[in-house]
Structure formats: structure tokens, C-alpha cells
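Below is one structure, written out as C-alpha cells; comments come after it.
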Amino acid sequence: MISAEEEIRIRRLESNGDRSGFRSGNIELDRFFQRYAGQNQFRHHIGTTYVAIQAGGITGFITVSSGEMMAEELPKLLRSRLPAYPLPILRVARLAVDERFQGHGIGRLLLRAMLELALEMRDRVGCTGVVVDAKPEAVDFYSGLGFKTVELVSGALGDRPEPIAMFLPIRQIAAAMAEGDEPAIGQKD
Ligand SMILES: CC(C)(COP(=O)(O)OP(=O)(O)OC[C@H]1O[C@@H](n2cnc3c(N)ncnc32)[C@H](O)[C@@H]1OP(=O)(O)O)[C@@H](O)C(=O)NCCC(=O)NCCS
């Protein structure tokens, strides 16, 4: 039995790990994790999943891929002087924490690791921010961390109900990380 207090480690998904016991309370997310996360990462290379490990067991996962958005999809304030061609972003496609461990900071920790990855991308290949495809019931979770709703014209996942796209600009991520901003990641307003 894993206790919520055990130290959390985040690492890339490995092809041989046992994922069958993972239950987030959302059947689609669990099915994605158990059946598709591995092949998407190791066979198709369309996304990478990172897992939270506690005492050798997986307590959460987050799946990301590189993506693009148009400046016109951003709120007016963020749009100024950006070029009119597609802008590179890091996309958080899926995030889930095992229901036995929800509410212990694992979701925020997984997200924080991806914000650090976005900063690395900014320096290595360019990245203007992080977009999450939020399930309606998780919108408050992301807005509590500074994400704002955006109207994307491209990149829909085709899921039902259609997820709500939310954006956190790279400048806000960098400022939050420089301050070691905990528990909130970005500014809420
Ligand atoms: C949403 C989810 C990923 C959050 O992970 P978690 O580990 O339980 O969340 P954390 O403990 O890191 O919470 C961080 C903060 O968000 C808040 N929070 C967590 N879930 C929330 C929700 N659904 N709505 C609003 N706020 C939420 C917490 O209270 C905490 O706030 P605080 O810092 O003020 O105390 C997790 O509950 C989950 O897997 N839910 C089911 C699947 C799902 O909805 N996934 C999201 C898909 S986009």
C-alpha cells in the first residue's frame, strides 16, 4: 500500500511498466493511459507521458506533445507584436491522478514539471506557452494555477465533451519559476 506522504518522483513512462491498476475515476483517461499512452510514445512518437512514482507505484500521469497556435487565438493583451504564423507551444493533452491520491499536490507537481519542460523548449526550440485541453470539471484546477481560456481554431482532440483549451504564457511561467512560486504556479489575474 502506497501512502500519500511517500516521496514523489517524476519520470518518463517506460514501455514495460504495469499500468493496469491505475484508476482516476475517469474511465476514458484510464483507458488512454493503459492502452494508448505507450504506443503513442514508443511507436508513433506523437506524445510523451510522464508519471508520478511513489514507493514504486504510479500515482499520476501527464501526457504532452508539441503543438502550435495562432496569435489571433490569444487574448488581445498577449497578442501584440506576435507574428501571424503558427506559434510553438507545449500541449498538455491529458492529466490524471489515481483517485486514492487526489488532493495531495500530485496534479500540481506533474504540471509544474511540464512548465519546466516548456522553459527548456523555449531555450532549445522556441515555445510561447502551455496549452491544456481541460475537461470541464478540471477548468477550476487550471484557472487556479493561472491558465486562461482561449478559443482555439486548430488542434482539437475530437474528444466528447470537447475539452476547453486554456493557455499559460511562457513569460508568466518563467516569472513564477524564478520566484519558486508555490502553491500557485502563475498569477491568477
Ligand atoms: C484534476 C486532477 C488532475 C488534480 O490533481 P490532484 O493531485 O488531485 O490536485 P492537487 O492536489 O495537485 O491540487 C492542486 C490545487 O488544485 C485544487 N484542485 C484539485 N482538483 C480540482 C478540481 N477538479 N477543481 C478545482 N480545483 C481543484 C486543489 O484543491 C489544490 O488547490 P490548493 O492549492 O488551493 O489547495 C485530479 O483530481 C484528477 O485526476 N481528476 C480526475 C481526472 C481529471 O479530471 N483530469 C483532468 C483532465 S484535464
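Residue numbering for the sequence shown follows our numbering, starting at 69 and increasing by one per position. Glycine included, C-beta positions come from ideal geometry on N, C-alpha and C.
Worksheet item: When every heavy atom of ligand 1 is checked, does at least one fall within less than 7 Å of the C-beta of residue 78?
Response: no
Worksheet item: Would you call residue 238 buried or exposed, if buried means 16 or more other Cβ atoms sit within 10 Å of its Cβ?
Response: buried
Worksheet item: How far does the beta strand (DSSP E) with residue 102 in it reach, from first residue to last?
Response: Careful: residue 102 lies outside any beta strand (DSSP E) and carries neither H nor E.
Fill in: Three CB pairs or more closer than 8 Å across the segment 162-171 and the segment 188-196
Per the Cβ contact rule, the segment 162-171 is not in contact with the segment 188-196 (fewer than 3 Cβ pairs under 8 Å).
Item to complete: Could you spell out where the alpha helix (DSSP H) holding residue 207 opens and where it closes?
Response: 207-211
Worksheet item: With 16 other CB atoms within 10 Å as the buried threshold, where does residue 100 fall?
Response: buried
Practice prompt. Express the C-alpha separation of residue 246 and residue 186 in angstroms, rounding to a whole number.
Written response: 14 Å
Discussion item. Count Cβ pairs between the segment 134-149 and the segment 203-211 that sit closer than 8 Å; are there 3 or more?
Written reply: no
Fill in: Three-way DSSP call (helix, strand, coil) for residue 235 in this model
Strand at residue 235.
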